[in-house]
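S.K.: Okay, so the sequence shown: first residue is 19 according to the numbering used here, each after it adds one.
Sending over a structure as structure tokens; questions will come in a sec.
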Amino acid sequence: MMKENPPTLHKPWRLADALLLLLLGVVLLFFFSLSATAEDFVKPDKEQLKQILTPLQYAVTQKDKTEPPYRNQFWDEKAPGIYVDLISGEALFSSLDKYDSGTGWPSFTRPLEARSIVERDDWKLFMKRVEVRSKLADSHLGHVFDDGPAPTGLRYCINSAAMRFVPLAEMESQGYDKYLPAFEKAGFNL
């Protein structure tokens with residue numbers, strides 16, 4: 019009876035496979051590094067925030083306070099552009115989704131990107147509300163209510179003191195050009 023030889027392992031092929039996997043990993047890392055922007059954000063510590071924010075901005079974003087209605091920077095802003103987190107710069111809301119809710123605070127029907135905000139239950143006034151915070155900076159932004167207009171039926175009631183407005187004309191130069199097509203589609207000349 020003849021003894022069968024065990025299958026031969028082709029070491030050159032195994033080495034080539036390993037090199038191919040390594041190359042694939044390097045390519046993937048390269049593409050992921052190109053898309054890394056705000057995800058690299060590191061939130062300043064409490065003392066740094068106190069130095070760079072006004073007392074109102076600090077109270078709103080870090081202590082969950084609310085600015086006065088009708089006496090804030092963006093409640094009646096009508097210029098086209100986007101609103102970004104004051105601390106991290108993450109894109110939050112678009113003027114295309116902004117409307118006058120009659121509350122005296124900037125109101126939006128939806129966030130620019132759902133992944134940029136975090137919603138959590140808030141029982142601070144002895145009733146359930148839904149607080150809205152920025153994902154990366156964990157800034158208190160405001161609250162969302164279910165009494166908004168179509169198409170969402172939502173009203174994101176947001177503190178101006180938690181945001182920075184980026185006008186349409188400056189969006190590209192400030193790195194927010196990926197949001198320009200929505201404005202072009204809405205009829206704005208770019």
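Note that beta-carbon positions come from the ideal geometry of N, C-alpha and C, so glycine has one too.
Predicted model, so just to flag it, every value in this text is computed and none were measured.
Please report the straight-line C-alpha distance between proline 167 and leucine 110, rounded to a whole angstrom.
M.R.: Rounded to the nearest angstrom, the two C-alpha atoms are 19 Å apart.
S.K.: Which residue's Cα is closest to the Cα of leucine 176: Glu137, Ala77, Val150, Gly205?
M.R.: This sequence places isoleucine at residue 176; leucine is not what is there. Comparing Cα positions, the closest option is Val150.
S.K.: In three-state DSSP terms, what is alanine 97?
M.R.: Of the three classes helix, strand and coil, the one that applies to alanine 97 here is coil, per DSSP.
S.K.: Using three-state DSSP, classify serine 209 as helix, strand or coil.
M.R.: No statement about residue 209 is possible, as the shown extent of the chain runs from 19 to 208 and does not include it.
S.K.: With a threshold of 16 other CB atoms inside 10 Å of the CB of glutamine 75, please say whether the residue is buried or exposed.
M.R.: Under this definition glutamine 75 is a buried residue.
S.K.: Using a threshold of 7 Å, state whether the C-beta atoms of tyrosine 174 and valine 184 are closer than that.
M.R.: The answer is no: Cβ separation not under 7 Å.
S.K.: Can you tell me which residues form a DSSP beta bridge with aspartate 103?
M.R.: In DSSP, aspartate 103 forms a bridge with Met181.
S.K.: If contacts are defined as beta-carbon pairs under 8 Å, then serine 106 and serine 152 qualify, I think. What distance do you get, rounded to the angstrom?
M.R.: Indeed they touch by this definition, with Cβ atoms about 6 Å apart.
S.K.: Any idea what DSSP makes of leucine 198, helix, strand or coil?
M.R.: Helix at leucine 198.
S.K.: Considering only residues of the same chain and omitting the five flanking positions on each side of threonine 170, which have a CB-CB separation below 6 Å?
M.R.: Cβ neighbours of threonine 170 beyond the five flanking positions: Thr127, Arg128.
S.K.: Are aspartate 103 and serine 191 closer than 7 Å when you measure CB to CB?
M.R.: Contact flag unset, no.
S.K.: Going by Cα to Cα distance, which pick from Pro98, Ser134, Arg89, Lys68 is closest to glycine 122?
M.R.: Taking only the C-alpha atoms, the option nearest glycine 122 is Arg89.
S.K.: Leaving aside the five residues before and after phenylalanine 163 along the sequence, list all residues of the same chain whose C-beta is less than 6 Å from its C-beta, in chain order.
M.R.: For phenylalanine 163, where only same-chain residues beyond five positions count, the Cβ hits under 6 Å are Arg173.
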